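Structure record follows, encoded as structure tokens.
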Amino acid sequence: GAGVSQSPRYKVAKRGQDVALRCDPISGHVSLFWYQQALGQGPEFLTYFQNEAQLDKSGLPSDRFFAERPEGSVSTLKIQRTQQEDSAVYLCASFRLAGTTDTQYFGPGTRLTVL
Amino acid sequence: GQNIDQPTEMTATEGAIVQINCTYQTSGFNGLFWYQQHAGEAPTFLSYNVLDGLEEKGRFSSFLSRSKGYSYLLLKELQMKDSASYLCAAHSGYALNFGKGTSLLVTP
């Protein structure tokens, strides 16, 4: 039914705190992506899931970033010991099939501010 | 590696035509997406080009030349609501590799 949803929409964290960002993709979509978008920049790829399998995590900036999609639907991006440079909008995108040129549908994003 | 270039800002007048260019150097290139993004909102899909040539979709058209690593988005009959950031993204492998976006301002 509805599009990709993300929560929370806004998150303020103190430096050093852990945060968890949630993505609910469109129902039935096999593929799920996480992107990081800094102010005034285009989205940058973080990681890719095909169902529950994390096939590519090459874009995760450090081992403080961890993503999971245990049942092949909802995904969570976790950032441990947040730093100021982690401040950005985190976008989730899904598309219907795997390994195709299907359109990616983006969620509204979570704006993370680390103080 | 991946390198996507597009102008940072453009200004155009309501009712006019504007062309936003994008050049890319991408290994394993599959195709070229254009997305529109209003401030504070998610990117929304505009077009996807796999083959060379022009694809028209209402007021928006997109062109691709694979041999030149070049694409453009053409917006006709500009409206104030077209003021937004336009993102060019090269599709290779799993992910989309985005440019920094072109901020378009439409003036009365």
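Protein chains in written order, with the working numbering: chain A, 10 to 124; chain B, 2 to 109. We put the beta carbon where it would ideally sit given N, CA and C, even for glycine. Predicted model only: the values in this text are computed from it and were never measured.
*Cβ of residue 11/A within 9 Å of Cβ of residue 35/A?*
Yes. Within cutoff.
*Excluding sequence positions up to five away, which residues of its chain have a Cβ less than 6 Å from the Cβ of residue 98/A?*
Contacts found: 46, 118 and 120.
_Any beta carbon from chain B within less than 9 Å of residue 114/A's own beta carbon?_
Closer than 9 Å to some Cβ of chain B, the Cβ of residue 114/A qualifies, so yes.
*Listed by chain order, chain B residues near residue 51/A by CB distance under 7 Å*: Going along chain B in sequence order, the residues near residue 51/A (Cβ under 7 Å) are 88, 99, 100, 101 and 102.
_Cβ-based contacts, 7 Å cut-off: residues of the stretch 33-48 of chain B near chain A_ = Listed by position, the residues of the stretch 33-48 of chain B near chain A (Cβ gap below 7 Å) are 42, 43, 44 and 46.
_Whole runs of the alpha helix (DSSP H) within the stretch 14-38 of chain B, excluding any shorter than 4 residues_ = Entirely contained in the stretch 14-38 of chain B, not one alpha helix (DSSP H) run reaches 4 residues.
*Considering only C-alpha positions, which residue in the set 74/B, 94/B, 106/B and 61/B is nearest to residue 7/B?*
When only C-alpha atoms are compared, the closest one is 74/B.
_Residues bridged to residue 54/B [DSSP beta-bridge criterion]_ = In the DSSP output, where bridge partners are listed per residue, residue 54/B has 65/B.
_Any 3 or more C-beta pairs closer than 8 Å across the stretch 6-22 of chain B and the stretch 36-44 of chain B_ = With a cut-off of 8 Å on Cβ pairs, the stretch 6-22 of chain B is not in contact with the stretch 36-44 of chain B, counting fewer than three such pairs.
_Using a Cβ-Cβ cutoff of 9 Å, what residues of the stretch 68-96 of chain B are near chain A? List them in chain order._
Of all residues in the stretch 68-96 of chain B, 86, 88, 89, 90, 92, 94, 95 and 96 have a Cβ within less than 9 Å of some Cβ in chain A.
*When we look at the beta-carbon of residue 95/A and count the other beta-carbons within 10 Å, is it buried (16 or more) or exposed?*
By the C-beta density criterion, residue 95/A is buried, having at least 16 other C-beta atoms within 10 angstroms.
*Between which two residues does the beta strand (DSSP E) carrying residue 77/A extend?*
Judged by DSSP secondary structure, residue 77/A falls within the beta strand (DSSP E) whose first and last residues are 74-77.
*Could you work out which residues of chain B lie near residue 42/A, taking near to mean beta carbons separated by less than 9 Å?*
Chain B residues near residue 42/A: 95, 96 and 97.
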